[in-house]
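In structure tokens:
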């Protein structure tokens, strides 16, 4: 594990302030210091199209009248080297007279991919890479997934009783877990680029699936897996502040026209058995800039994602209740032997109010 210096640790804290803000751009923090280690300026990445962390730190120093020539920049991701909505951050650091850059990790974006470091070194800037790399990568796991695998990081959220049921047999599920767990779940929604559900949940619950329990500067996009285009045009999923993507397997021109009139984007990706091609959908969402995809669906769609090996992370809230029977977390086929089970690794287990929050991953899912 790469070591983390105190200043990189502070920069990572700044990067975390972009958690709900910067998507689809990575969450990055930057601190500028003089030769004695005194902080001259600091900042984190703003909303897409806004300034990146390095520019925010330079502006912060300028606003305070501090000279950054000869300074060291501690930044949690390689300074970008390409022209997107903003100019290259490596050029901004060079023009400001920065003497040294300490960066946590190289940018996985093929448009950058080490070129930022090369340009800094070519300009005579000393470059150190590594401190805080694991934490920076974890903070940007969805961005790394989209850039390297060309698919989002898929996080499946489940709220269940201690004996593993997510709803009563007739579908009632509100509320198994506590208000504290629900608020925590909204924070995980807020960090995602998009929230995904299935048509079954839409028709049964008419959910909003937006972020309400925590403050956020942006709402994640909404994704519905709807093979036959059954989404009602008056569903509560429609909201002016977010995009709604509906993935279908069959052509229904009149239904599509009605949904598009409400502002939805309908994408046809037919797969086997009249269902949506889920792997193709993930690739399409990545092409649309989705880093983290947060799933809140029913046991059938959860089972489909699990069976196809598409779930990277399971975010499970367990309430201290026993329901005895009901709907499970994911509809999986019966097993003939225990060694056929889907094996996961616990990442963390925490108390949230009276409930447990368990974060688990399939082994090796984050090795990309």
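In the UniProt record's numbering, the protein residues as written are 1 to 368. All C-beta atoms in this analysis are idealised placements derived from N, C-alpha and C, irrespective of residue type, glycine included.
Considering only DSSP beta bridges, list what residue 360 is partnered with. In the chain shown, counting from the first residue as 1, residue 360 sits at position 360. Bridge partners of residue 360: 314, 346.
To which residues of the same chain is residue 305 closer than 6 Å at the C-beta, ignoring the five residues directly before and after it? Taking the chain shown and counting its residues from 1, the one referred to as residue 305 is at position 305. Excluding residues within five positions, the ones whose Cβ falls inside 6 Å are 311.
Any idea what DSSP makes of residue 304, helix, strand or coil? Sequence index remark: in the chain shown, residue 304 carries index 304 (1-based). Under the three-state reduction of DSSP, residue 304 is assigned to helix.
In chain order, what residues of the same chain have a beta carbon less than 7 Å from the beta carbon of residue 54, not counting five sequence neighbours either side? Start at 1 with the first residue of the chain shown, and residue 54 comes out as number 54. So the list reads 30, 73, 75, 79, 89, 92, 93, once near-sequence residues are dropped.
Which residues DSSP lists as bridging residue 31, in chain order: To locate residue 31, count along the chain shown from 1; it is residue 31. DSSP, once it has assigned bridges, lists 42, 74 as partnering residue 31.
Can you say whether residue 111 is buried or exposed, counting buried as having 16 or more other CB atoms within 10 angstroms of its CB? Taking the first residue of the chain shown as position 1, residue 111 is located at position 111. So residue 111 counts as exposed.
Determine whether the beta carbon atoms of residue 243 and residue 221 lie at a separation below 7 Å. Taking the chain shown and counting its residues from 1, the one referred to as residue 243 is at position 243. Taking the chain shown and counting its residues from 1, the one referred to as residue 221 is at position 221. Here residue 243 is near residue 221, since their CB atoms are less than 7 Å apart.
Measure the C-alpha to C-alpha separation of residue 188 and residue 294 and round it to an integer number of angstroms. Your numbering for residue 188 matches position 188 in the chain shown. Your numbering for residue 294 matches position 294 in the chain shown. If you draw a straight line from the Cα of residue 188 to the Cα of residue 294, it is about 8 Å long.
For the structure I just gave you, are there three or more beta carbon pairs, one from the segment 53-67 and one from the segment 119-136, closer than 8 Å? Two segments are said to touch when three or more pairs of C-beta atoms, one from each, lie closer than 8 Å; by this definition the segment 53-67 does not touch the segment 119-136.
Taking Cβ positions, are residue 236 and residue 208 nearer each other than 7 Å? Start at 1 with the first residue of the chain shown, and residue 236 comes out as number 236. Start at 1 with the first residue of the chain shown, and residue 208 comes out as number 208. Yes, the pair counts as a contact, with Cβ atoms nearer than the cut-off.
Can you list, in chain order, the residues of its chain whose CB lies under 6 Å from that of residue 70, leaving out five sequence neighbours each side? Within the chain shown, the letter at position 70 stands for residue 70. Cβ neighbours of residue 70 within its own chain (closer than 6 Å, five residues either side excluded): 99.
Would you check if the distance between the CB atom of residue 101 and the CB atom of residue 133 is smaller than 7 Å? Taking the chain shown and counting its residues from 1, the one referred to as residue 101 is at position 101. Taking the chain shown and counting its residues from 1, the one referred to as residue 133 is at position 133. Cβ atoms of residue 101 and residue 133: not closer than 7 Å.
When you compare only the Cα positions, how much space is there between residue 287 and residue 48? Taking the first residue of the chain shown as 1, we reach residue 287 at position 287. Taking the first residue of the chain shown as 1, we reach residue 48 at position 48. C-alpha separation (whole angstroms): 16 Å.
Where do the ends of the alpha helix (DSSP H) carrying residue 285 lie? Indexing the chain shown from 1 puts residue 285 at position 285. Start and end: 278-287.
Curious, which full-length alpha helix (DSSP H) runs of at least 4 residues does the segment 92-146 contain? Taken in chain order, the whole alpha helix (DSSP H) runs of length 4 or more contained in the segment 92-146 are 115-122, 133-139.
What would DSSP say about residue 186, mapped onto helix, strand or coil? On the chain shown, residue 186 is found 186 positions in, with the first residue counted as 1. Per DSSP, reduced to three states, the secondary structure at residue 186 is helical.
My understanding is that residue 289 touches residue 278, with C-beta atoms under 8 Å, so please give their C-beta distance in whole angstroms. Position 289 of the chain shown, counted from the first residue, corresponds to residue 289. Position 278 of the chain shown, counted from the first residue, corresponds to residue 278. With 8 Å as the limit, residue 289 and residue 278 do not qualify as a contact, their Cβ atoms being about 19 Å apart.
Please state if the CB of residue 315 and the CB of residue 157 are separated by a distance shorter than 7 Å. Start at 1 with the first residue of the chain shown, and residue 157 comes out as number 157. Start at 1 with the first residue of the chain shown, and residue 315 comes out as number 315. The Cβ atoms of residue 157 and residue 315 lie closer than 7 Å to each other.
Within a Cβ cutoff of 6 Å, which residues of the same chain sit near residue 299, ignoring the five residues on either side of it in sequence? Counting from 1 along the chain shown, the entry for residue 299 is found at position 299. If we look at residue 299 and ignore the five residues flanking it on each side, its Cβ neighbours are 327, 328, 330, 331.
In the DSSP assignment, what are the bridge partners of residue 224? Residue numbering aside, residue 224 sits at position 224 when the chain shown is read from its first letter. Under DSSP, residue 224 shares a beta bridge with 197, 246.
Please check the pair residue 341 and residue 335, which I expect to be a contact at CB under 8 Å, by giving their CB distance rounded to whole angstroms. Residue numbering aside, residue 341 sits at position 341 when the chain shown is read from its first letter. Residue numbering aside, residue 335 sits at position 335 when the chain shown is read from its first letter. 6 Å between Cβ atoms; contact.
Just how far apart, CA to CA, sit residue 86 and residue 95? As a first step, residue 86 must be located in the chain shown, where it is residue number 86. As a first step, residue 95 must be located in the chain shown, where it is residue number 95. Computed Cα separation, rounded: 15 Å.
Which residues in the same chain have their Cβ closer than 6 Å to the Cβ of residue 265, if we skip the five residues on either side of it in sequence? As a working mapping, residue 265 is identified with position 265 in the chain shown. Taking residue 265 as the centre and dropping the five residues before and after it, the same chain places the C-beta of 245 closer than 6 Å to its C-beta, in chain order.
Nearest residue (CA-CA) to residue 351, options 184, 215, 32, 280: As a working mapping, residue 351 is identified with position 351 in the chain shown. Considering only 184, 215, 32, 280, the residue with the shortest C-alpha distance to residue 351 is 184.
Which residue marks the beginning of the alpha helix (DSSP H) containing residue 155, and which one marks its end? For the purposes of this step, residue 155 is taken as the residue at position 155 of the chain shown. DSSP places residue 155 in no alpha helix (DSSP H) but in the uninterrupted beta strand (DSSP E) bounded by 153-161.
What's the call for residue 339, buried or exposed, on a 16-neighbour Cβ count within 10 Å? Along the chain shown, read from residue 1 onward, the residue named residue 339 stands at position 339. The Cβ neighbour count for residue 339, taken over all protein chains shown within 10 Å, is under 16; the residue is labelled exposed.
Restricting to Cα atoms, I'd like to know which of 23, 13, 17, 7 is closest to residue 193. For this step, residue 193 is matched to residue 193 along the chain shown. If we check each option's Cα against that of residue 193, 23 comes out closest.
If I measure Cβ to Cβ from residue 178 and keep anything under 8 Å in the same chain, skipping five residues before and after, which residues do I get? Position 178 of the chain shown, counting from 1, holds the residue named residue 178. Cβ within range, chain order: 319, 352, 353, 354, 355.
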